[in-house]
Amino acid sequence: MDDINVLHHRCLLNLRRRIRGIGDGRPAQERYMRIQKDGETLSYQGNSEEVGCYVAGHPLSKGNCYFEVTIVDTGVRGTIAVGLVPKFYRLDHQPGWLPYSVAYHADNGKLYNGNPAGQQFGPKCARGDRIGCGIHSENIEAGFTTVFFTKNGKEVGSVEVPVSVEGLFPAVGMHSMGEEVKVDLQAEWFLEVDDSMMMVDSHEDDWGRLFDVRVSGTLLEYVGKGKSIMDVGLAQARQPLTTRCHYYEVEIVDAGEKCYIALGLARKDYPRNRHPGWSRGSVAYHAGEISNPFPIFLLFLLRKKVCCSAEIHKSDLLPLKSIHLLLFRCKHHRAPSPLDVRGDIMGCGIMFPRDYILDEEGDVDDWDRLEVRQGRAGVQNVFFTRNGKLMGRREMRVPPGGLFPTVGMLSSGEKVKVDLHPLSG
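First residue of the sequence shown: 2, per the working numbering; consecutive thereafter.
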């Protein structure tokens, strides 16, 4: 009897799909509410109390079984959901809250499977992350399928869900001011894991802090807005420089729109929205050069305004003599074009003395317990290179915990390759 019921159910599904396929000849229409759509970009337009939802015009199928959403801005709360819903899903509900829908929520990493109570599923997602969703269509004729989710190309997990008569449609939900995403309904995802994917995994572990920067192997790519000095993209290494690894290099792959690329050293708790070299506990070499003197005055005033929100230190403000020198350089030197710096290799290191001492002298590989002993080793010489030539040195006090390789970017299109161990052989 059960076999007869299953067969009857499959026949009904096939019949209703055929009727739906005949239809009335009109193209499928996407649906959205409290969402502004500009090409592939979706942005929330509600008041943060009401849900905004977008539903694509076509369901996933065997020929198009995957899509991706890139988080451009997390807004106030980052309540962005990516998943699959029935064709006439209610647009005032997040995907995953109602039956026959499923979604991965970026703000808490939970999976919502036809229920407003989610279950812990994967990691949280932030600006620049890519959330993917797809189906394994082997069992779709039986009325259910396996839905899987990915983050930055790596599978997070999967769940079996029932399939409505109309199919499962890509959907994006948002619920707070400022949220913005880009949707790629033609994205592809491959199951095989090759050597390059393994390389991405290993190099991503090298970085302890990433803000508005995407890692792909040794490549760092800026994914922030780049509209103000607060939109800094920052990448800080997990390990500080030591006597065994005292130098690292950055190759400029793409100078981007403005070439606001900087490399240097910074304390472990360095502010995420500050270029290396802008705040205490950091020093940096900036690749670009400004040709117009006005931005320097503007930057000085903006820096002073930012410092006013906390304790102001003299080291945070440019002295008048330095401003005059910068203005002179701007007047007599042309700013390099992106082609002038592309391919340049910039380096940064510390000239440790022979008697330099580490607190964990016998086990420098245990980085979590590593601390720099203060005293004679407190002040060190930091040096910078460009294409193999020494550009300059500066004395700097090493804070407890050491100084960490730090790369900053601030304009769209900027890409660099980083070698944290160029002298390791």
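Ideal placement from N, C-alpha and C gives every residue a C-beta, glycine not left out.
- The alpha-carbon separation between Phe384 and Val182 amounts to approximately 41 Å.
- Restricting attention to Gln120, Tyr55 and Leu221, the CA atom closest to the CA of Gly47 is found in Tyr55.
- Within the same chain, Cβ atoms closer than 7 Å to the Cβ of Arg398 are found at Gly379 and Val380, the five residues on either side in sequence being excluded.
- Separation of Val52 and Trp190 (C-alpha to C-alpha, rounded to the nearest whole angstrom) is 29 Å.
- Between the C-alpha atoms of Gly402 and Gln240 there is a straight-line separation of about 10 Å.
- Taking a cut-off of 8 Å for Cβ pairs, the region 223-232 and the region 387-396 do not touch, as fewer than three such pairs fall below it.
- A Cβ-Cβ separation of about 7 Å places Ile36 in contact with Met175 under the 8 Å criterion.
- Counting only runs of at least 3 residues, the region 107-170 fully encloses the following beta strand (DSSP E) elements, listed from N- to C-terminal order: 111-114, 131-137, 145-152 and 155-163.
- Per DSSP, Asp93 lies in no beta strand (DSSP E) and is assigned neither H nor E.
- Only residues of its own chain outside the window of five on either side were considered, and among them Ala29, Gln30 and Glu31 have a CB closer than 7 Å to the CB of Gly58, listed in chain order.
- Going by C-alpha positions, Cys126 is about 13 Å away from Val214.
- Nearest in C-alpha terms to Ile72, of all of Tyr223, Arg128 and Tyr45, is Arg128.
- Counting every other CB atom within 10 Å of its CB across the protein chains shown gives Phe89 a total below 16, marking it as exposed.
- Beyond the five residues adjoining it in sequence on each side, Arg273 comes within less than 8 Å, by CB distance, of Arg210, Phe212, Val233 and Leu235 in the same chain, given in chain order.
- Tyr105 and Ile136 do not touch by the CB rule: their CB atoms are close to 14 Å apart, not below 8 Å.
- It is roughly 6 Å from the alpha-carbon of Leu404 to the alpha-carbon of Leu242.
- In the DSSP assignment, Thr42 falls within the unbroken beta strand (DSSP E) covering Thr42 to Tyr45.
- Going by DSSP, Arg215 is part of the beta strand (DSSP E) stretching over Val214 to Ser217.
- About 7 Å separates the beta carbon of Pro87 from that of Phe170, a gap short enough to meet the 8 Å contact definition.
- Lys38 counts as exposed, since fewer than 16 other beta carbons sit within 10 angstroms of its beta carbon.
- Between Gly115 and Val103, the CB-CB gap stays under 8 Å.
- Within a 10 Å sphere around the beta-carbon of Val77 sit fewer than 16 other beta-carbons, which makes this residue exposed.
- Of the residues Asp207, His94, Arg245 and Glu205, the one whose Cα lies closest to the Cα of Pro354 is Arg245.
- A direct Cα-to-Cα measurement between Glu258 and Pro163 gives close to 47 Å.
- With distances taken between CA atoms, Ala107 lies nearest to Pro124 out of Val148, Glu250 and Pro124.
- For the pair Val160 and Val173, the CB atoms are not nearer than the 8 Å cut-off.
- One Cα belongs to Val184, the other to Phe68, and the distance between them is close to 8 Å.
- One thing to note: Gly179 has its Cβ within 8 Å of the Cβ of Asp74.
- Shortest Cα-Cα distance from Glu156 to any of Gly265, Cys134, His287 and Ser177 involves Cys134.
- Residue environment for Glu41: exposed (fewer than 16 other C-beta atoms within 10 angstroms of its C-beta).
- The straight-line gap separating the alpha-carbon atoms of Gly154 and Val216 is approximately 12 Å.
- When DSSP states are grouped into helix, strand and coil, Glu50 belongs to the coil group.
- Rounded to whole angstroms, Glu250 and Val70 show a C-alpha spacing of 33 Å.
- It is roughly 8 Å from the alpha-carbon of Asn109 to the alpha-carbon of Gln121.
- Here Gln237 is buried. Its C-beta has 16 or more other C-beta atoms within 10 Å.
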